[in-house]
Each structure stands twice: as structure tokens, then as C-alpha cells.
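Residue numbers (the UniProt record's numbering): 1 to 159.
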Amino acid sequence: MKHILVTRIDDRLIHGQVVTAWIKQYPINKILIIDNELSRNKLMGRIYKAAAPVGIEVVIMDQEMAEGFLKEDPGPKENLMILVKVPQVLEKLIGSGISIDKIILGGMGAKPGRKTFNKNVSANEEETGCFKRIIEGGVEIYYQLVPNDKEVNIRKMLS
């Protein structure tokens with residue numbers, strides 16, 4: 001199984017905080033973006049790949065392809081960061097046997113059907129239910145915008 005250092009939910013995927021803070025905090029050399037729609041959009045894929053710093057490989061896969069990829073043996077010194085937009089993607093990964101130690105919740109923007117969950121996170125009922133199921137399955141989820149911020153376990157927010 002691949003060596004996963006950071007698993008993050010952030011609907012902006014690669015942006016300044018990811019590039020400048022998380023990659024500097026961990027020895028990440030590959031970012032795996034799992035998004036069915038983005039995996040088919042070559043133009044946006046090139047934009048996300050260009051946003052990564054030199055030396056960081058960006059791979060964009062759909063859910064099914066990512067599950068197979070993550071079950072492969074890691075490459076030499078391969079350290080992954082997984083980025084997804086919504087928790088359902090991670091729930092499916094975990095259900096397929098992918099081992100994830102913890103999930104860092106970054107930002108999920110407001111949109112129709114979502115309610116404010118905390119300052120940078122809005123979630124609908126299915127997303128909130130997904131958070132609960134993941135936690136009940138034994139994987140903790142922490143809200144943390146940047147690595148220097150204190151981790152906040154979202155269990156209390158879900159009560």
C-alpha cells in the first residue's frame with residue numbers, strides 16, 4: 001500500500017496553503033487528487049499540476065483508479081498527500097480497504113444545501129453523516145487550516 005502522509009478534504013484542492021504550508025511541513029513528493037470530474041478535465045488538470053512546486057508530482061485520478069493505485073506498493077521514497085473535495089471520496093477509500101490514519105478537514109465552501117459547520121466549512125446532511133460514519137469507523141477527523149494551527153477534533157462539532 002502507498003505511503004500516505006496527509007489526507008485532506010479541501011474543495012480548493014491545490015492552493016497557496018497546501019503548496020506553502022503542508023508540503024513544507026511533511027516530506028511530500030506526490031499529491032494525489034481524487035476527483036471523478038477533474039480526472040476527465042485535461043485543461044483544469046494541467047492548471048492544478050502547474051500550481052504545484054517544482055519537485056512535487058501531481059496525479060489526478062477518479063475514485064476507482066485511485067483505489068487501485070493506493071493499493072500498489074510505494075515507489076522509492078514516495079510520500080503521498082491525498083486531496084479530495086468531499087468526505088464521501090474518503091469514506092469509499094476506507095471502505096475499499098485503504099488505510100487512512102487521520103483526515104485533515106480544510107475548507108468546504110458554502111453552496112446550496114450546505115449549512116455552516118464551522119468558520120471555513122459548510123456541509124450538507126450527507127456530508128455531515130459521512131463525517132460521523134468515518135469517525136465511527138475509527139478514523140479521526142481534525143479541522144486544521146494550516147499545520148501551525150491547533151488540530152480541532154470535529155467530534156464535538158457533530159454533537
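No residue lacks a Cβ here, since even glycine has one placed at the ideal position from N, Cα and C.
Nothing here was measured: the structure is a model prediction, and the numbers come from that model.
Coarse secondary structure for residue i, derived from DSSP in three states
i: Val19; result: helix
i: Ser99; result: coil
i: Lys30; result: strand
i: Met44; result: helix
i: Ile135; result: helix
i: Leu158; result: helix
i: Met1; result: coil
i: Val54; result: coil
i: Ile60; result: strand
i: Val152; result: strand
i: Leu38; result: helix
i: Lys111; result: coil
i: Lys24; result: helix
i: Ile94; result: helix
Test item: CB-CB of residue i and residue j under 8 Å
i: Ile4; j: Ile34; result: no
i: Val86; j: Glu127; result: yes
i: Asn124; j: Arg133; result: no
i: Leu93; j: Ile104; result: no
i: Val139; j: Lys102; result: yes
i: Val84; j: Gly107; result: no
i: Ser28; j: Asn79; result: Inspection of the sequence shows that residue 28 is occupied by Ile rather than by Ser. For Ile28 and Asn79, yes; Cβs fall inside 8 Å.
i: Pro112; j: Trp22; result: no
i: Asn118; j: Tyr143; result: yes
i: Asp62; j: Asn41; result: no
Beta-bridge partners of residue i, as assigned by DSSP
i: Ser122; result: Thr116
i: Arg8; result: Leu83, Ile104
i: Glu140; result: Lys102
Residue-chain proximity (residue i, chain D), Cβ-Cβ < 8 Å
i: Gly138; result: The structure shown contains no chain D; it is built from a single protein chain.
Same chain, Cβ closer than 7 Å to residue i, neighbours up to 5 away in sequence not counted
i: Tyr48; result: Leu13, Ile14, Ile33, Val58, Ile60
i: residue 177; result: The first residue shown for the chain is 1 and the last is 159, placing residue 177 beyond what the model contains.
i: Ala52; result: Ile14, Val19, Ile31, Val58
i: Asp11; result: Lys85, Gly107, Met108, Gly109
Chain-order list of residues whose beta-carbon lies under 6 Å from that of residue i (same chain, five-residue window excluded)
i: Ser96; result: Glu67
i: Tyr26; result: Leu5, Val6
i: Gln17; result: Val146
8 Å Cβ shell around residue i - same chain, five flanking residues per side excluded
i: Gly45; result: Leu38, Ser39, Ile60
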